[in-house]
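Each remark here refers to the structure printed beneath this line.
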Amino acid sequence: MERQSVSTSRSVGDGPISLLSVFADHDDICFWQWAIADGDTHFPQNAVSFFKFRPDAVPQTLDAWLDDIVAPGEREALLERLRSIDTSKRHIDRFAFRIKDPDNAERWIEQRGVIDEVDGRLLVTWMSQDITQKRRTAADLEVTERQFDHLVQHASVGILAFDTDGRVTSCNPAFHAILGYSSRDLHGRSLTSLVHHEDARRHGARLQQLQDGEIEAFDCECRFLTKSGAVVWVETHAWAMPGRNEALPEFVAMITPIEERVQALEQLRQERDKLQAIFNHAGVGLAVTDAAGKVQAMNAEAVRIHGFEDWPKTEQSLELARSQFELRYPDGRLMSIDDWPGSRALRGEFVKDYDTILSRKDGSHSRYARYSCSPIRDADGNAIMQVYSIHDLTETHRLQEALSQSQRLEALGRLAGGIVHDFNNVLAVISGNLELIAKKQHDDRTRHWIQAALDAAETGASINQRLLAITRKKSRQKRTIDVVRKLRSMGELFRRIVGEDINLEVDVPDEKLFIAVDPGDLDSALLNLVANARDAMPDGGTLRIAVRRANEGGKGGVHRHPKGNDVVLSVQDTGIGMSKETIRLAAEPFFTTKPAGKGVGLGLTGVHAFADQNGGTVRIVSEIGAGTDVRIMLPETESCPEALEIEEDETPIPRGNGETVLVVEDDDRMRDLARQRLEWLGYRVEEAASADEASKRIAGGLRPACVFSDIRLPGDMNGQELANEIMAAHPDIGVLLCTSYPEDIRARHTRKTKPRPAILGKPCSLLELAQAVSDAIEDAVGNSGARSPMKT
1 MERQSVSTSR SVGDGPISLL SVFADHDDIC FWQWAIADGD THFPQNAVSF FKFRPDAVPQ
61 TLDAWLDDIV APGEREALLE RLRSIDTSKR HIDRFAFRIK DPDNAERWIE QRGVIDEVDG
121 RLLVTWMSQD ITQKRRTAAD LEVTERQFDH LVQHASVGIL AFDTDGRVTS CNPAFHAILG
181 YSSRDLHGRS LTSLVHHEDA RRHGARLQQL QDGEIEAFDC ECRFLTKSGA VVWVETHAWA
241 MPGRNEALPE FVAMITPIEE RVQALEQLRQ ERDKLQAIFN HAGVGLAVTD AAGKVQAMNA
301 EAVRIHGFED WPKTEQSLEL ARSQFELRYP DGRLMSIDDW PGSRALRGEF VKDYDTILSR
361 KDGSHSRYAR YSCSPIRDAD GNAIMQVYSI HDLTETHRLQ EALSQSQRLE ALGRLAGGIV
421 HDFNNVLAVI SGNLELIAKK QHDDRTRHWI QAALDAAETG ASINQRLLAI TRKKSRQKRT
481 IDVVRKLRSM GELFRRIVGE DINLEVDVPD EKLFIAVDPG DLDSALLNLV ANARDAMPDG
541 GTLRIAVRRA NEGGKGGVHR HPKGNDVVLS VQDTGIGMSK ETIRLAAEPF FTTKPAGKGV
601 GLGLTGVHAF ADQNGGTVRI VSEIGAGTDV RIMLPETESC PEALEIEEDE TPIPRGNGET
661 VLVVEDDDRM RDLARQRLEW LGYRVEEAAS ADEASKRIAG GLRPACVFSD IRLPGDMNGQ
721 ELANEIMAAH PDIGVLLCTS YPEDIRARHT RKTKPRPAIL GKPCSLLELA QAVSDAIEDA
781 VGNSGARSPM KT
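Residues in the sequence shown are numbered consecutively from 1, following my numbering.
In structure tokens:
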């Protein structure tokens, strides 16, 4: 191998070489020479200091150097490396080994060399560098890096690095787990592409500011999308972190899942909204004031109770209330401002169920209100707010008044109910005997007198029904009646109700108009309307009561009934009239424009209910100062089998053929009347004054075709129990019950099938009695399979 000679004046052993003294002032670097062929070494002064040789013990050969300073365990490996030097190459690659100082301290040496040929000899010039501190630093750094990597890899939050283009360069397993992507999926992917589209713009803007150096870090909450497309809420903390090239810093972000926190916040928001909704829509008034009494919050019910809808600012409401409202005690005494519930709460008092009458001083607003107030205190006991609950007792108060009136009516009803039975019996005797007389008298004059008496009896029955209606005990029994005749018969009653100061007109056509209603309900509806009209004309006026078909002389938009003509009952006055709002509220229960104690607001409610129950409607035409016209429109029916009206025997009456009827009645007059009517109808009559007596007679062998019994009888057995016994033991005996008490037959009208036994109300017409007895016998014959001998 040819080598270029080194320009030097000295060889190994000739003393210090100037080139090797260049780094004399560097303690961590030295140069020395080794002759490959003979192993001689030359150490300049800085090399002697570097290796810490004693001046009298500087190694002269490589073996001595190896023996003196190389650490145990390193000599063989180092010697082998030196022997394997390729002398065909000029440069010897660096390698490291440990040496042992005289004080037994070990150091790491990094060494590399250059081979030169000098005077025919191969010399290696070594550069030795102390890398002990570097190795220690590297070792520490390696430990730190391992620890950091361990932290990153095992962190519960996602950690990722991204470049200046916002693309992911690395990420930890936690981030993989959060989004479900692998490292390969994420590497090089835009960070913004992982963000939900609704948050991407905001997140991307902050990221761009970070990348442009406008900010050093940012935090934000946003939604990321997982690999499956699911949404996950995270908190992002990103910052710039200088890399190897400070001109190209890299960025790091910590991604923390906050799904539970977001859910908790959403639950809190929902709870807040729920509480706000409860506050806003509570059925009681709720209000909150500050320590000075200024209103901070008030729900809609509290605003309504206090009438604050038209006030400028809720915050001023309390001050305005003191100037424009007054409170009274329930007994009507004026309440001083110091005793107001709000004033007491401001003094720290707890106020519970404080009843007041709240009203504006101008009289435009008045409510019965119940207040409860509680002061709220902080941890130091200082009042910071007051919470109010306000109950509107206005309707309750009205209901209590109505209940009081109802109780008075109920007491009157109990008194009326006590005489109903006897009165019905009296009417039954009167009308029954009149019918029997009418059957034997044929001259027109006598028949006219009898008809007048029958009309009076019917009026008495109507009065009886109205007495029963007071207690709501009357059951509805629809009948087809001539409403023209009904209005004519009630004319005198109308006159007594309206008095002498009002001109009464009853306008009815010459023809008959039939409707199917409960006569008592019709009477109540008409009397309520007449009473209302009278009250609307305190200074007198004209009251016109009329009836017509809807298509005859109709005006004001009266509608026809869908199944045929309407019969229109009109009660028209020239009184004070009604506003549109009053007309709208007229059908509401307990709504009244009358002063306290003059009405409970049920009259027009009952009229509307009556029309609705009978397939009709009610229309009110009125203006303030122009009077009122209340029209009841009801379906017209085709015929009218009037119960108490004498006809020329147009309707055939079912008659008996000598069958036996057992009459069971404790009232002698009623029993005698029943006997006479049944005998006139062609039956043979047996009598019993009690159910016990009737039961014994049947047990003794009496077999009547029909038992006609009152329900309410003295003794151990009533009429219903007698009927049950007969139907069980003798199904071939017909049973017919009668009563003066509507509650005895109320349940019968709710059944879809024909009840047995039938119940006949008192008083009843001869036709009704004949038909009922005939039906009872027919039913019994049907049960026994025998043939009925009835005739007409």
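Cβ coordinates follow ideal geometry from the N, Cα and C atoms, glycine included.
Which stretch, first to last residue, makes up the beta strand (DSSP E) that contains Val793?
Since the displayed the chain opens at 1 and closes at 792, residue 793 lies outside it and no answer follows.
Under the three-state DSSP convention, the category Phe325 falls into:
strand
My guess is that Val618 and Ile632 are in contact by the Cβ rule of under 8 Å, so how many angstroms apart are they, rounded?
6 Å
Residues bridged to Gly734 [DSSP beta-bridge criterion]:
Cys706
Beta-carbon proximity check, Cys738 vs Leu702, cutoff 7 Å:
no
With a threshold of 7 Å between beta-carbons, can Gly342 be considered close to chain C, or not?
In the structure shown, chain C does not exist; there is a single protein chain.
Separation of Pro714 from Lys762, as counted between CA atoms
C-alpha separation (whole angstroms): 18 Å.
Local conformation of Val157 per DSSP, three classes
coil
Could you check the C-alpha separation between Val124 and Thr87 for me, to the nearest Å?
Between Val124 and Thr87, the C-alpha separation is close to 10 Å.
Under 7 Å, do Ala536 and Val607 count as touching if we go by C-beta distance?
Not in contact: Ala536 and Val607 (Cβ atoms no closer than 7 Å).
Entirely within the region 23-83 and at least 4 residues each: give me those alpha helix (DSSP H) ranges in chain order.
45-51, 62-69, 75-83
Could you spell out the range, first to last residue, of the beta strand (DSSP E) harbouring Phe218?
Start and end: 217-225.
When the Cα of Gln208 is compared with those of Glu221, Arg261, Gly348, Arg167, which residue comes out closest?
Considering only alpha carbons, the answer is Arg167.
Paired residues, beta bridge with Asn503 - DSSP
Thr542
What first and last residue would you give for the alpha helix (DSSP H) that runs through Ile305?
300-306
On the three-state DSSP scale, how would you describe Met717?
coil
I'd like the list of long-range same chain contacts for His187, defined as Cβ closer than 8 Å, with 5 residues on each side in sequence excluded.
In the same chain as His187, and ignoring 5 residues on each side of it, the C-beta atoms closer than 8 Å to its own belong to Val168, Thr169, Ser170, in chain order.
When you compare each of Pro102, Lys89, Asp101, Gly113 to Phe95 by their alpha carbons, which one comes out closest?
Gly113
Minimum C-alpha distance to Asp38 - residue among Arg377, Ile29, Gly120, Met727
Gly120
Look up Ile481 in the DSSP assignment and say whether it is helix, strand or coil.
strand
Can you tell me where the alpha helix (DSSP H) with Lys762 in it begins and where it stops?
Counting along the chain, Lys762 falls outside any alpha helix (DSSP H), and DSSP gives it neither H nor E.
Straight-line gap, Asp779 to Ala609 (C-alpha atoms, nearest Å)
36 Å
Applying the 10 Å Cβ sphere with the 16-neighbour rule, what's the burial state of Pro562?
With a pLDDT of only 46 at Pro562, under the threshold of 50, the placement of this residue in the model should not be trusted; the figure read from the coordinates follows. Result: exposed.
Buried or exposed for Ser774, going by 16 or more other Cβ atoms inside 10 Å?
By the 16-neighbour rule on beta-carbons within 10 angstroms, Ser774 is buried.
Exposed or buried, what is Thr628 when buried is set at 16 or more other beta-carbons lying within 10 Å of its beta-carbon?
buried
From Pro257, Arg206, Ala217, Met241, residue whose alpha carbon lies closest to that of Phe224:
Among Pro257, Arg206, Ala217, Met241, the Cα nearest to that of Phe224 is on Pro257.
By DSSP's criteria, Val295 is part of a beta bridge. Which residues make up the other side?
Val295 has Thr289 as its beta-bridge partners, per DSSP.
Just to confirm before moving on: does the CB-CB distance between Leu78 and Phe97 stay below 7 Å?
In this structure, Leu78 lies near Phe97, with their beta-carbon atoms less than 7 Å apart.
If you reduce the DSSP assignment to three classes, tell me which class Asp86 lands in.
coil
For the region 260-268 against the region 279-291, do three or more pairs of beta-carbon atoms, one drawn from each stretch, fall closer than 8 Å, so that the two count as touching?
No, the region 260-268 does not touch the region 279-291.
Counting only the same chain and skipping the five closest in sequence on each side, list residues whose C-beta sits under 7 Å from that of Gln153.
Asn172, Pro173
Report, in whole angstroms, the separation of the C-beta atoms of Ile545 and Leu604, which I expect to be a contact under 8 Å.
Not confirmed; about 16 Å, so no contact.
May I ask you to verify whether the region 709-725 touches the region 664-672, counting CB pairs closer than 8 Å and requiring at least 3?
yes
Quick one: what's Met868 bridged to in DSSP?
In the structure as shown, the chain begins at 1 and stops at 792. Residue 868 is therefore absent and cannot be evaluated.
So, with DSSP's three-state summary, where would you put Leu393?
coil
If I'm right that Val530 touches Val571 with Cβ under 8 Å, what's the distance once you round it to whole angstroms?
6 Å
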